[in-house]
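Rendered as structure tokens:
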């Protein structure tokens, strides 16, 4: 990660806004996937996937160790995502709500898991 902005803060803000607008311009999962392939390294994509996949588990109130066992995501990463859910800008929660991932597990789902 660069330690200094490309140019003064205003240009950095413009560059970030432009990136956000580019992301918003993509219309399909395939388009987004292609853009992320070009934009990110495989490790960066994996880190984003790891963070995103624990969000529904955290919203459902699952313990960190259980999330780790289910996802293989490190407890440290799970903790970071939990901190963002509690104290962050609200992006995870907004996306989860829009994708309807913010609903607790249904009682029948929970019962099926405990009886299995």
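Numbering (our numbering), first residue to last: 873 to 988.
Every residue gets a Cβ at the ideal spot worked out from N, C-alpha and C, and that includes glycine.
- For the pair of segments examined, the segment 911 to 924 was found to touch the segment 943 to 955: the number of CB pairs separated by less than 8 Å reaches three.
- In the three-state reduction of the DSSP assignment, residue 947 falls in the helix class, which pools H, G and I.
- For residue 934, no alpha helix (DSSP H) encloses it, and the DSSP letter there is neither H nor E.
- In this structure, residue 950 keeps its C-beta atom at 8 Å or more from the C-beta atom of residue 927.
- The DSSP-derived three-state label of residue 930 is helix.
- Judged by DSSP in its simplified three-state form, residue 974 adopts coil rather than helix or strand.
- In the structure shown, residue 960 falls within a coil segment according to DSSP collapsed to helix, strand and coil.
- By the criterion of a C-beta distance shorter than 6 Å, residue 936 is surrounded in its chain by 947, 950, once the five residues flanking it on both sides are discounted.
- In this structure, DSSP gives residue 912 a state outside helix and strand, which the three-state scheme calls coil.
- Between residue 901 and residue 930, the gap from beta carbon to beta carbon reaches 8 Å or more.
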